[in-house]
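J.:
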Amino acid sequence: MKVIFVCLGNICRSPMAEAMFKKMVAEAGLADQITIDLAGTSNIAKGSPADSRTKAILDKYHIKDDGMIARQLRDRDYYDTDYIIAMDQMKVRDAKDMALAGLENKVHRIFEATPGKENRYIVDPWITHRFQDTYDSLSEALPNWLAKLKKEIK
């Protein structure tokens, strides 16, 4: 099973989500069954590392960021990925617009697996400067994605 976390530039929200989810998946003993990647809907930051403020939050919680480099979502991502999980409404729309015909259904909202909060999203901390809020929101959403994937793997 493969999951890609998507935000705009691939330097703030998606790197944080990817690093946090990798840790959760490893702790659940599922690293050999769930592959995690990240991408941006834009190439605005292509080739850049994660934002230093994202890294600071990950460091605060002792989560490795594995030295990710920003990239844009590609056509082939839609073929070899089960879930493309977008951080906000605009990214959901952008990722669906970028999808090849018939593959739009692979794009999902970050809180889609969280009962009662399916339509919630995560605001870009590049704009708000609220990186701790991003971490807190991901801490709420990601366990539900892990539970969903566990059920599908069995």
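The number in our numbering is simply the position in the sequence shown, starting from 1, with 23 added.
Positions of the beta carbon are idealized from the N, C-alpha and C atoms, including for glycine.
Being a predicted model, the structure only gives us computed values, none of them experimental.
Report yes if the C-beta distance between Thr157 and Pro148 is below 8 Å; otherwise report no.
T.: The residue given as residue 157 occupies position 134 in the sequence shown. The residue given as residue 148 occupies position 125 in the sequence shown. For Thr157 and Pro148, yes; Cβs fall inside 8 Å.
J.: Tell me whether the beta-carbon of Ala109 lies closer than 8 Å to the beta-carbon of Gly63.
T.: As a working mapping, residue 109 is identified with position 86 in the sequence shown. As a working mapping, residue 63 is identified with position 40 in the sequence shown. In this structure, Gly63 does not lie closer than 8 Å to Ala109 by Cβ.
J.: Starting from the Cα of Leu192, find the closest Cα among Ala118, Pro38, Gly32, Asn33 and give me that residue.
T.: Missing from the structure shown is residue 192; the chain here goes from 24 to 177 and no further.
J.: How is Pro72 classed by DSSP in three states: helix, strand or coil?
T.: Mapped onto the sequence shown, residue 72 falls at position 49. Pro72 falls in the strand class under three-state DSSP.
J.: Have a look at Phe154 and Lys174 and give me their C-alpha separation to the nearest angstrom.
T.: Residue numbering aside, residue 154 sits at position 131 when the sequence shown is read from its first letter. Residue numbering aside, residue 174 sits at position 151 when the sequence shown is read from its first letter. Answer to the nearest angstrom: the Cα atoms are 30 Å apart.
J.: Use the C-beta contact count for Ala41: other C-beta atoms within 10 angstroms, 16 or more gives buried, fewer gives exposed.
T.: Residue numbering aside, residue 41 sits at position 18 when the sequence shown is read from its first letter. In the sequence on display, residue 41 carries Glu and not Ala. Buried.
J.: Give me the residue from Ile59, Arg132, Lys114 with the minimum Cα distance to Lys25.
T.: Translated into positions along the sequence shown, residue 25 becomes position 2. When only C-alpha atoms are compared, the closest one is Ile59.
J.: Please report the residue range of the alpha helix (DSSP H) in which Thr157 lies.
T.: For this step, residue 157 is matched to residue 134 along the sequence shown. Unbroken alpha helix (DSSP H) run through Thr157: 154 to 176.
J.: Taking Cβ positions, are Asp74 and Ile27 nearer each other than 8 Å?
T.: In the sequence shown, residue 74 corresponds to position 51, counting from 1. In the sequence shown, residue 27 corresponds to position 4, counting from 1. Cβ atoms of Asp74 and Ile27: not closer than 8 Å.
J.: Is Val146 near Val130, with beta carbons less than 8 Å apart?
T.: Locating residue 146 in the sequence shown gives position 123, counting from the first residue. Locating residue 130 in the sequence shown gives position 107, counting from the first residue. The answer is no: Cβ separation not under 8 Å.
J.: Less than 8 Å between the CB atoms is what I'm expecting for Tyr101 and Ala68, so what's the real figure, rounded?
T.: As a working mapping, residue 101 is identified with position 78 in the sequence shown. As a working mapping, residue 68 is identified with position 45 in the sequence shown. No, Tyr101 and Ala68 are not in contact; Cβ-Cβ is about 21 Å, not under 8 Å.
J.: According to DSSP, is Phe134 part of a helix, a strand, or is it coil?
T.: Residue numbering aside, residue 134 sits at position 111 when the sequence shown is read from its first letter. Here Phe134 sits in coil by DSSP.
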